[in-house]
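In my numbering, the protein residues as written are 1 to 166.
See below:
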């Protein structure tokens, strides 16, 4: 668990940078053999809103841009928030089998997806998931985001209400 905390602290740095830029505070760090090989943070959740620039996707793009031959089965993805269905499926398709997150996504988290009942591309995957790593620190960033009147992204959503009630 100690190793998970070390890398989650790095993901928290990325999340703080996203928050400072006015974006949703999700940060991601990808690790291979105890070395950070890529980082990413949520982008375009404020001024030019889109749902493509999630921290995990940004980090994966960075990784594969730098190292197209990366052996994804040896990677661990650390994210301050539970990956959504899009990010989780992207990790699965890219053979990433170790995922660690800090705060559960009560509205759109994808890690409870029942892989065994899906098509063969997904049902054959064996994934290890660790949640709630440094949850209080991750939660605090999301509470800060949802408490700021200047942020309109996902305001009054199930996730915002759940986060502010914690």
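Heads up, the beta-carbon is just placed ideally off N, CA and C, and yes, glycines get one too.
Source: prediction; values computed, not measured.
According to DSSP, simplified to helix, strand and coil, what is residue 77? strand
Cβ-based burial, residue 19 [other Cβ within 10 Å; buried from 16]: buried
Using only CA atoms, which one of 119, 12, 129 and 121 lies nearest to residue 110? 129
With H, G and I counted as helix, E and B as strand and the rest as coil, what does DSSP make of residue 3? helix
Separation of residue 103 from residue 131, as counted between CA atoms: 7 angstroms
So, is residue 15 buried or exposed, given that buried needs 16 or more other C-beta atoms within 10 angstroms? buried
When you compare only the Cα positions, how much space is there between residue 151 and residue 24? 9 angstroms
With 16 as the cutoff for other CB atoms within 10 Å, does residue 75 come out buried or exposed? buried
Inter-residue spacing [alpha-carbon to alpha-carbon] between residue 91 and residue 157: 26 angstroms
Do three or more CB pairs link the region 32 to 39 to the region 61 to 76 at distances below 8 angstroms? yes
Quick one: measure Cβ to Cβ for residue 99 and residue 133, integer angstroms, because I've assumed they're closer than 8 angstroms. That pair is no contact at about 11 angstroms.
At the level of alpha carbons, what is the spacing between residue 48 and residue 22? 11 angstroms
So, are the CB atoms of residue 94 and residue 60 less than 8 angstroms apart? yes
Based on Cα-Cα distance, which residue from 139, 135, 84 and 140 lies nearest to residue 4? 135
Reducing DSSP to helix, strand and coil, say where residue 82 ends up. coil
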